[in-house]
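**Q** One structure follows; several queries about it will come next.
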Amino acid sequence: MKPTMWLIFVTSLVIMAFIVENTASKNRRRPRMPRRCLDEPDVSSCRALLPFYFYNTTKRRCQMYPELGCPRQGNGFLDEEDCLQTCQDNRRRFKPKIKQRVLRSV
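Once you know that position 3 of the sequence shown is 3 in UniProt numbering, the rest is easy, because the numbers rise by one and skip nothing.
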């Protein structure tokens, strides 16, 4: 193999390795929100009338549903811990923290 061809071959392998590594690292950094958390809460009437939780995409947290019922498939969780583990732990973690200043009166 000629030295020029060898150099082109090695260079192309190095470039491909960087592209693959960069693509893989982007996917690891941003966990995706499960589709279940993005759906509207769906309630069916049932005899149990259970309080349940749903993930509020506007407020970005789990909240108790204002009505009693039985959650169907989708954005409905029987306990807050399950909602937190499924939805809040998987949201993007790159939200900047804003420090609040305390104003003192003179």
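Just so you know, even glycine gets a beta-carbon here, dropped at the ideal spot from N, CA and C.
In whole angstroms, what separates the C-alpha of residue 47 from that of residue 81?
**A** The count along the sequence shown starts at 1 and reaches residue 47 at position 47. The count along the sequence shown starts at 1 and reaches residue 81 at position 81. If you take the alpha carbons of residue 47 and residue 81, they lie about 24 Å apart.
**Q** Where does residue 22 land, buried or exposed, given buried means 16+ other C-beta within 10 angstroms?
**A** If you number the sequence shown from 1, residue 22 lands on position 22. Label assigned to residue 22: exposed.
**Q** Just to confirm, are residue 75 and residue 41 a CB contact at a threshold of 7 Å?
**A** Position 75 of the sequence shown holds residue 75. Position 41 of the sequence shown holds residue 41. Contact: yes.
**Q** Assuming residue 44 contacts residue 61 (C-beta within less than 8 Å), just tell me the rounded distance between them.
**A** Stepping through the sequence shown from its first residue, residue 44 is reached at position 44. Stepping through the sequence shown from its first residue, residue 61 is reached at position 61. In fact, because the Cβ distance is near 24 Å, the residues do not count as touching under 8 Å.
**Q** On the DSSP letters alone, give me the boundaries of the beta strand (DSSP E) that residue 61 sits inside.
**A** On the sequence shown, position 61 is the one that residue 61 refers to. Per DSSP, residue 61 belongs to the beta strand (DSSP E) from 61-64.
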